Amino acid sequence: MPERLETELAALRERVDAIDTQLLALLNARAAVVRDIYTLKKEQGVPRFNQARTDAILQRLTADNQGPLSAQDVRALFTPLLEFFVKGYRAAEGETAADGHARPTILR
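Quick note: the sequence shown uses this note's numbering, first residue 1241, plus one each step.
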């Protein structure tokens, strides 16, 4: 591989690595807030999952998106992320998946 290519790839990969680290920090911050939301909902006897809220989040994100991701890309990325947080909360409550395996434990 030519030296210039290696140098440019290394620089771009460093940027991607830094962004990944930022994403991880943001996801952990989101997990902490979601945990607080679910704790409050449990204390108040409010159902933890609200499909209207999930739909509103996806609508807001696709409206705020300025690319290069398409609206479809945003939904494809965020839908499983939102589902993961719901499943993670259920794991913290000791629930298991239909296949009998424990759900993610991110919110313990």
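Cβ coordinates follow ideal geometry from the N, Cα and C atoms, glycine included. None of these values were measured; they are calculated from a predicted model.
Tell me whether residue i is buried or exposed, calling it buried when 16 or more other Cβ atoms sit within 10 Å of its Cβ.
| i | result |
| --- | --- |
| G1285 | exposed |
| F1325 | buried |
| G1328 | buried |
| A1338 | Here A1338 scores only 47 on pLDDT, less than 50, and its place in the model should not be relied on; the value that follows carries that caveat. A1338 comes out exposed. |
My assumption, with CB atoms under 8 Å, is that residue i sits in contact with residue j. Please give the rounded CB distance.
| i | j | result |
| --- | --- | --- |
| R1315 | L1298 | 6 Å |
| T1302 | A1311 | 4 Å |
| T1294 | L1322 | 5 Å |
Kindly indicate the opening and closing residues of the alpha helix (DSSP H) around residue i.
| i | result |
| --- | --- |
| Q1299 | Q1291 to D1304 |
Practice task
Within the stretch 1241–1265, note down every full alpha helix (DSSP H) run reaching 4 residues or more, in order along the chain.
Solution key: You should have found no qualifying run.
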